[in-house]
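Asker: Numbering (the UniProt record's numbering), first residue to last: 1 to 299.
As structure tokens, this is what we get:
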């Protein structure tokens, strides 16, 4: 028992030193380290939950200066915490108008949290998919959304060849297949490319990528249905959009189809995705038809 206690103390001390070294090395990021008691205080005891996903729950909070924040309490993950700190560094270094800014983190034993800037207008899907199936945003304003949660899948390793939905981390429909099937490949930046592709497709098509209540069997998996539309008609009809916006929307859909390819090698890098989005003069080839799962695991 005493040997185990000594080991745990040394382990804890080692992680604490790693965190302090991280804060010194990345001082320019201006990320704040919060204690768990700080988190409880800023969320008023986790009073207002904003949402819940595969990586944990999000709560509304307020810093001591009155600044509103979104606090994501992460589900428990394996490892000694170094992977978490490394991801904090990666996320913290990103500064982009379409990426939610990371303001700080909490790492106290098994308690891990990410503190983001607060988005007062809520999540994009609430505007894209209202109850009466009417999009509440004009087509052009859809492109002003912000992203978060990228990279977190790497904190939750897979143990078996197929991961149960209970253990899988992420939002259904956006999770890359390699999070569920080991025989596809390892979790990498291409997993984020897949998720981005799904989001891009929903933004352009204004429809959920998975709809189990669809009237037509072919419309349950939106990427498959939209691929058929492109092959048959040469374009996808986008309502309430100008001719120029329709061209942009169809280009977004083709890029999205490349992003969600089953094989990691077939997906473009994020750099190439940005290039395809920005250089509209370059024609795009049609990718292979997307599949939900590897052939031998599909029933």
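Just so you know, even glycine gets a beta-carbon here, dropped at the ideal spot from N, CA and C.
1. Excluding the 5 residues preceding and the 5 following residue 270 in the sequence, name in chain order all residues of the same chain whose CB lies nearer than 8 Å to its CB.
2. Between the segment 105 to 122 and the segment 67 to 74, do three or more beta carbon pairs fall short of 8 Å?
3. Could you spell out where the beta strand (DSSP E) holding residue 238 opens and where it closes?
4. Pick out whichever of 245, 63, 92 has its Cα sitting closest to the Cα of residue 22.
5. Please state whether the Cβ-Cβ distance between residue 36 and residue 87 is less than 7 Å.
6. If distances are taken between C-alpha atoms only, which option among 184, 227, 58 comes closest to residue 257?
7. Whole angstroms are fine: how far does the CA of residue 243 sit from the CA of residue 237?
8. Of all the options 267, 207, 45, 265, which has the alpha carbon lying nearest to the alpha carbon of residue 239?
9. Using a Cβ-Cβ distance cut-off of 7 Å, determine whether residue 235 contacts chain B.
10. CB-CB under 6 Å to residue 284, same chain, minus the five flanking residues each way: which ones, in chain order?
11. How is residue 34 classed by DSSP in three states: helix, strand or coil?
12. Ends of the alpha helix (DSSP H) at residue 176?
13. Looking at C-alpha atoms only, which residue of 252, 286, 289, 14 is the closest neighbour of residue 275?
14. Could you check whether residue 58 and residue 113 sit closer than 7 Å to each other, using their CB atoms as the reference points?
15. Got a sec, what are the start and stop residues for the alpha helix (DSSP H) residue 114 sits in?
16. Give the DSSP bridge partners of residue 57, in chain order.
17. Beta-carbon within less than 6 Å of residue 61's beta-carbon, same chain only, minus the 5 sequence neighbours each way: which residues are those?
18. For residue 62, name the three-state secondary structure that DSSP assigns.
19. Output the distance between the C-alpha atoms of residue 186 and residue 105, rounded to the nearest integer angstrom.
20. In terms of alpha-carbon separation, which member of 288, 202, 205, 63 lies closest to residue 34?
21. Which same chain residues end up closer than 8 Å to residue 250 when comparing Cβ atoms and leaving out the 5 residues on each side of it in sequence?
Answerer: On the basis of the data shown:
1. 189, 192, 193, 196
2. yes
3. Careful: residue 238 lies outside any beta strand (DSSP E) and carries neither H nor E.
4. 92
5. Result no, Cβ atoms of residue 36 and residue 87 do not sit closer than 7 Å.
6. 227
7. 11 Å
8. Ranking 267, 207, 45, 265 by Cα distance to residue 239 puts 207 first.
9. In summary, chain B is missing from the structure at hand, where a single protein chain is found.
10. 254
11. strand
12. Premise fails: residue 176 is in no alpha helix (DSSP H) and is neither H nor E.
13. 252
14. no
15. Element bounds for residue 114: not the alpha helix (DSSP H) but the beta strand (DSSP E), 111 to 117.
16. According to DSSP, residue 57 bridges with 52, 73.
17. 42, 43, 69, 71
18. strand
19. Their backbone Cα atoms lie some 26 Å apart in a straight line.
20. 63
21. 204, 230, 235, 236, 238
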